[in-house]
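Numbering (the working numbering), first residue to last: 142 to 758.
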């Protein structure tokens, strides 16, 4: 009977796994875009665009339909092949998808060209490819078109590479910059006295990559060469004084990453040229595209924001030269770019700066720890709060834990080899795991070995973050002292070596214990007498772990994310949850006061601010 139950359980798990695989199956793109010619008119007066995109495709499988992604609010008026109209339709189940029917079946390797005419708004957060995130905006004083907006027809996002020419026609009060090499803009005066004129900008993207991100507005170009790098900064005229600080920091960041990951060659074989742009608020805090770093006005400080700058600069390696093979593999690009931010923080600010970054990552990871796994990132809206929590913050912590287990030299060698093998290509999580197995050092005597299968299973394929508790008793022995104890945590499948620090009357002693399942017993021998409450789990904070303090901070961070979107009522609820756990938390009281102030509930805001002053400060 027991065997029958086991067989039924295995069958049930198999059915669930199959259903899960079907639910997360990505869209199959039978054709892949290889080159674009896009002409787009920006109409700030009615906040729309009007565009024509001529796209070269190549068939990757036998197919009679072309599938592309295009912003749901863009209305397609025609699709033509060799000048003749072809049938097209939006997908009823997914408005982002556009299907084009071909007159005949294409075989693998067949090349076709389609011309799409379309227009409409792109600024809606509700209809965005990721709901709540504005990837594109056209306003009276500024505009931006980021690739994730799918403002032109895309295939295989985010893994596809393509060449192209992008022609942007804007009001002549706008300057435009973005991916590719720009021609000298041409100006056309308006017709009639006082009528606004137009400016025409053409960008050539001759190197295959995820091209097609642009910013327009009242921007002033400031060339800023630094340490052999050629940087071009586009900022509002009032911000030009900040360029020197940013250029100096960026040159040091690029040099550090070139040494750590491998050189990033420019078009002529020398150091790459980069364009750095201040982007209007309302979109992402920052965005990295080929040769292009975008930083929102809110994040642009008088002194260079090194952490933001280093994360975006790392995206030139992990997100441009190395792309994820699928939307489920973004941990190896977005997660590593986020961890590179901590690596540079350690390089420039020492261990204290590294620990500050790691705590920020841990708080971020706890915000949505149970929402999804890292390996199923394709189920999460790109760049959403859960995405940043799971892929970027938790993902960064996974890289740090791997570094702690491998050692600095083996970890750096792993990154260099991985970049060398995949530069100019796409990469998968599986390929990273396989390469990692070649870098595992021999286990030290008396310490449990690193099991990469359980490591990646726990951190990439499972949800949840452990919270450790410790119980122990100290005994006197002829040779010193013996500590017998138990480590508890709530994850049944957890299996990993965990470092323990024992403070003694002499020098502290460090031991590694294999923690398996919810309860693990251990026995330690020390020479010196352990101090009362002197045993600490993970003393160097190399593990992603939870604690009441971190959970409170994660709850406040969720509230802050909601407040940024103007959802003050929901934000106040999160702050109250934090205060239910820690009533004296000044930050929670202060954030609640802010939210109430923006709701114009001034007396309640005053009470909350007063409580903040009376809290833990």
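Quick reminder that beta carbons are idealized off the backbone N, C-alpha and C, glycines included.
- Taking a contact to require three or more Cβ pairs closer than 8 Å, the stretch 657-673 and the stretch 576-584 do not qualify as touching.
- Looking at the backbone, the Cα of residue 188 and that of residue 245 are separated by about 38 Å.
- In this structure, residue 445 and residue 370 do not form a Cβ contact; the two beta carbons are roughly 14 Å apart against a cut-off of 8 Å.
- Between residue 454 and residue 394, the C-beta spacing is below 8 Å.
- Listed in chain order, the alpha helix (DSSP H) elements of length 4 or more contained wholly in the stretch 567-654 are 570-577, 593-601.
- Per DSSP, residue 739 is one residue of the alpha helix (DSSP H) stretching across 727-739.
- For residue 751, the number of other beta carbons within 10 angstroms of its own is below 16, and it is reported as exposed.
- The C-beta distance from residue 503 to residue 538 rounds to 6 Å, short enough to meet the 8 Å contact threshold.
- The beta carbons of residue 254 and residue 197 sit about 5 Å from each other, so the pair counts as a contact at 8 Å.
- The Cβ atoms of residue 353 and residue 178 lie no closer than 8 Å to each other.
- Counting C-beta atoms within 10 angstroms of its own C-beta, residue 295 has 16 or more neighbours from the protein chains shown and is therefore classed as buried.
- Sequence-distant partners of residue 612 (beyond 5 residues in either direction) whose C-beta falls short of 7 Å from its own C-beta, in its chain, are 626, 627.
- As a beta-bridge residue in DSSP terms, residue 177 pairs with 196, 305.
- Under the DSSP definition of a beta bridge, residue 231 partners with 239.
- Rounded to the nearest angstrom, the gap between the Cα atoms of residue 257 and residue 194 is 5 Å.
- At the C-beta level, residue 431 and residue 300 stay beyond 8 Å of one another.
- Judged by DSSP in its simplified three-state form, residue 747 adopts helix.
- Taken atom to atom, the span from the alpha-carbon of residue 381 to that of residue 391 is near 16 Å.
- Assignment of beta-bridge partners to residue 216 by DSSP yields 260.
- With fewer than 16 other CB atoms across the displayed protein chains lying within 10 angstroms of its CB, residue 619 is exposed.
- The Cβ atoms of residue 378 and residue 279 do not sit closer than 8 Å to each other.
- Here residue 493 is exposed. Its C-beta has fewer than 16 other C-beta atoms within 10 Å.
- In the three-state scheme derived from DSSP, where H, G and I count as helix and E and B as strand, residue 168 is classed as coil.
- In the structure shown, residue 375 falls within a strand segment according to DSSP collapsed to helix, strand and coil.
- Beta-bridge partners of residue 481 (DSSP): none assigned.
- A check of alpha carbon separations from residue 573 across 462, 237, 472 identifies 472 as the nearest.
- The DSSP-derived three-state label of residue 459 is strand.
- In the structure shown, residue 698 adopts helical secondary structure according to DSSP, grouped into three states.
- Of the residues 561, 650, 203, the one whose Cα lies closest to the Cα of residue 669 is 650.
- DSSP, reduced to helix, strand and coil, places residue 443 outside both helices and strands of the structure shown, so it counts as coil.
- An exposed status is given to residue 328, since fewer than 16 other beta-carbon atoms sit within 10 Å of its beta-carbon.
- Per the coordinates, the alpha-carbon of residue 451 lies some 13 Å from the alpha-carbon of residue 426.
- Apart from sequence neighbours up to five positions away, the residues of its chain that approach residue 330 with a beta-carbon distance below 7 Å are 338, ordered along the chain.
- The continuous alpha helix (DSSP H) containing residue 390 extends over residues 384-402.
- Contact between the stretch 257-274 and the stretch 306-322 is absent, with fewer than three C-beta pairs closer than 8 Å.
- Around the beta carbon of residue 233, a 10 Å sphere encloses fewer than 16 other beta carbons of the protein chains shown; the residue is thus reported as exposed.
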